[in-house]
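Numbered per my numbering, the sequence shown spans residues 123 to 585.
No residue lacks a Cβ here, since even glycine has one placed at the ideal position from N, Cα and C.
Note that this is a predicted model, so its numbers are computed, not measured.
Input: a single structure, listed below in structure tokens.
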Amino acid sequence: MPFRTIIEPFRIKTVEPIRRTTRDEREVALIEAGYNLFQLKADEVLIDLLTDSGTSAMSSAQWAGMMQGDESYAGARSFYRFESAVREITNLKHVIPTHQGRAAERILFGSLLKPGDIVPNNTHFDTTRANVEYRRAKASDLPIPEGKQPQLIHPFKGDIDLAALEHLLADPPARVPLVMITVTNNSGGGQPVSMANIRAASELCRRHGVPLFLDACRFAENAWFIKLREKGYADKAPLAIAQEMFSHVDGCTMSAKKDGLANIGGFLALNDDDLAQQCKKLLILTEGFPTYGGLAGYDLEAIAVGLHEVLDEDYLRYRIRSVEYLGEILTREEVPIMQPPGGHAIYLDALSMLPHIPQSEYPAWALSLVLYLEGGIRSAEIGSIMFGLQPDGSEKPADMELVRLAFPRRVYTQSHVDYLAEVLIHVNALRERIRGVRIVEAPPVLRHFSARLAPAHGALIVD
Ligand code: F0G
């Protein structure tokens, strides 16, 4: 193609207005929300980058598929379509639908984990960690050292530390019932995992007789990065790359709210017959019969179509490019971000931007509040509010203080991204005047969803 501009590879058929608010209105909204962006009403947000989960715009083919949903309790046609879409990509034997990713995690861990066990992962996502800890097992994060340095450029910062994994498997301080790899590594900056790393982890696990599972939420974005960055994959189709990724594992948990391009849904897929049997028993207790697993037949249809669309090259090129485009502007303007930009989000590096705010005053949380106050943008803290509270109740600063700007799929256009860049450059210029926050009250687990906070020094931005 002679033209360089990568366009949104779709036309817009249905629109949803977004509401503008004034800065004064946002100031009040923040107070009412207890300085917690999860507690805002979505109508108070102009551009919502809280999550890329369940927020995709569905295609006309997905809506058409939904009209063909078969709502039979057992053996619905929609289940078989869903199962074959999952099988085509994963080639895993048992496909168990769930209402979202964390339900797949709960069912898998409920069948596999005992108190005291250890689960290694490149980095656990918050719900994954919480589900491991709920079983009184230990969630152990083993990212490569490069993955913990926000400014460092490395093609596969999501890789799991193979030496650390080998060490753990060779001399395990407790039982290791499974190893997980999260693709892309969400909590580590949306960074991809290389095929070489998945392959090597798989060999290690096999040698030690431990099953390897993918947390596959963003498998298609990971496949695209492998195509772009790993030797030998440039000419392979995303589907073939994804198939190879799954060929190295014994199972996966999946949130179809991400790379399923659906608004709800997920699955657990695995090869082990006995484990699948046990998981299905738990599934029936809380999710539903194994051919619908807490989903409507039409949801299964939307996912089946979504799993196909998400591997389209034009879609993936646009998807990864739109995140990279914002990353390029911010890098040029010296706004500190995690480098290189990840697949589904830009992560602002709050420790670099706000070195004057101690981690005990939650710099990333404070920054996310300022982005809302100044520009109506909702983002998510991935820092010490999310990860600082230890299971024993003590507080430990997180390795990184990040603010995630997660892009819903097929929802925002380039002018939205240009607006975002403007707001971020403006906030970066204010950085010396930004102050930290303190916790007023917080629950003991997953506190970021409902904690109430307040400015630690009277205001978020001082004169
Ligand atoms: N694993 C990863 C890596 C995730 O990012 C998520 C969800 C889950 C598991 C759980 O899936 O939401 O369908 O139950 N991440 C969302 C996010 C919530 O905003 O990153 P779920």
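Between residue i and the rest of its own chain, which residues show a CB-CB distance below 6 Å, the 5 nearest in sequence each way excluded?
| i | result |
| --- | --- |
| Asn-308 | Phe-247 |
| His-216 | Leu-392, Ala-398 |
| Val-457 | Leu-546, Asn-550 |
| Glu-455 | Ile-547 |
| Gln-512 | Lys-518 |
| Ala-196 | Phe-411, Thr-413 |
| Arg-264 | Checking the sequence, you will find Leu at residue 264 rather than Arg. Taken in chain order, the residues that qualify are Pro-242, Ile-282, Asp-283, Ala-286, Leu-287. |
| Ile-348 | Met-317, Tyr-355, Ile-363 |
| Thr-212 | Phe-368, Ala-391 |
| Ala-207 | Ala-426, Leu-429 |
Give a yes or no on whether 7 Å exceeds the smallest Cβ distance from residue i to chain C.
| i | result |
| --- | --- |
| Pro-485 | Note that chain C does not occur in the displayed structure, where there is just one protein chain. |
Going by DSSP, name the residue or residues bridged to residue i.
| i | result |
| --- | --- |
| Ala-296 | Beta-bridge pairing links Ala-296 to no other residue. |
| Val-567 | Beta-bridge pairing links Val-567 to no other residue. |
| Asp-174 | Its beta-bridge partners do not exist; DSSP assigns none. |
| Ser-377 | Gly-388 |
| Arg-526 | Tyr-469, Ala-502 |
| Glu-517 | Leu-511 |
| Met-302 | Asn-243, Phe-335 |
| Val-427 | Answer is none; Val-427 lacks a bridge partner. |
| Val-217 | Ala-391 |
| Ala-576 | Arg-560 |
| Ala-261 | Val-241 |
| Asn-307 | Gln-313 |
| Ile-583 | Ile-556 |
| Ile-169 | Ile-499 |
| Pro-134 | A quick correction: the sequence has Ile, not Pro, at residue 134. Paired residue(s): none; Ile-134 is not in a bridge. |
| Glu-282 | The sequence given here places Ile at residue 282; Glu does not occur at that position. Pro-265. |
Leaving aside the five residues before and after residue i along the sequence, list all residues of the same chain whose C-beta is less than 8 Å from its C-beta, in chain order.
| i | result |
| --- | --- |
| Leu-524 | Pro-272, Gly-311, Met-460, Tyr-469, Leu-470, Asp-471, Ala-472, Ala-486, Glu-503, Ile-504, Gly-505 |
| Leu-172 | Leu-159, Phe-160, Arg-500, Ser-501, Ala-502, Ala-528 |
| Leu-274 | Glu-268, Gln-461 |
| Lys-440 | For clarity, residue 440 is Tyr in the given sequence; the question names Lys instead. The answer, listed in chain order, is Ile-128, Ile-129, Glu-130, Pro-131. |
| Glu-483 | Arg-557, Gly-558, Val-559, Arg-560, Ala-578 |
| Asp-174 | Lys-380, His-466, Ala-467, Ala-528, Phe-529, Pro-530, Arg-531 |
| Val-492 | Val-549, Leu-552, Ile-556, Leu-582, Ile-583 |
| Glu-431 | Ser-181, Ala-183, Gln-184, Leu-383, Tyr-437 |
| His-538 | Ile-169 |
Take residue i and list the residues in its own chain whose beta-carbon comes closer than 7 Å to its own, dropping the five residues that flank it on each side.
| i | result |
| --- | --- |
| Glu-409 | Thr-220, His-221, Ala-225, Gly-415, Gly-416 |
| Pro-593 | In the structure as shown, the chain starts at 123 and stops at 585, and residue 593 therefore has no counterpart that could be examined. |
| Val-167 | Gly-498, Arg-500 |
| Glu-446 | Pro-463 |
| Leu-176 | Looking at the sequence shown, residue 176 is not Leu but Gly. Here the set comprises Lys-379, Asn-385, Ile-386. |
| Gln-481 | Ser-506, Pro-519, Glu-523 |
| Glu-423 | Gly-187, Met-188, Gln-190, Gly-191, Ser-200, Arg-203 |
| Ala-164 | Asp-170 |
Check whether the segment 278-287 and the segment 310-323 touch, using three or more Cβ-Cβ pairs below 8 Å as the test. yes
Check whether the segment 170-180 and the segment 525-542 touch, using three or more Cβ-Cβ pairs below 8 Å as the test. yes
Just list the beta strand (DSSP E) runs in the segment 441-490, keeping only unbroken ones of 3 residues or longer that don't cross its boundaries, in chain order. 467-471
Just to confirm the assignment: which complete beta strand (DSSP E) runs, minimum length 3, are found wholly within the segment 227-251? 240-243
Sequence ranges, alpha helix (DSSP H) only - wholly within the segment 533-567, length at least 4: 536-551
Cβ contact (3+ pairs, closer than 8 Å) linking the segment 133-143 and the segment 564-581: no
Determine, using beta-carbon pairs with one atom in the segment 284-303 and one in the segment 322-338, whether at least three such pairs fall under 8 Å. yes
Three or more C-beta pairs under 8 Å: does that hold for the segment 146-155 against the segment 337-357? no
So, does the segment 376-394 touch the segment 334-352, judging by three or more C-beta pairs under 8 Å? yes
Within the segment 335-370, note down every full alpha helix (DSSP H) run reaching 4 residues or more, in order along the chain. 341-351, 360-369
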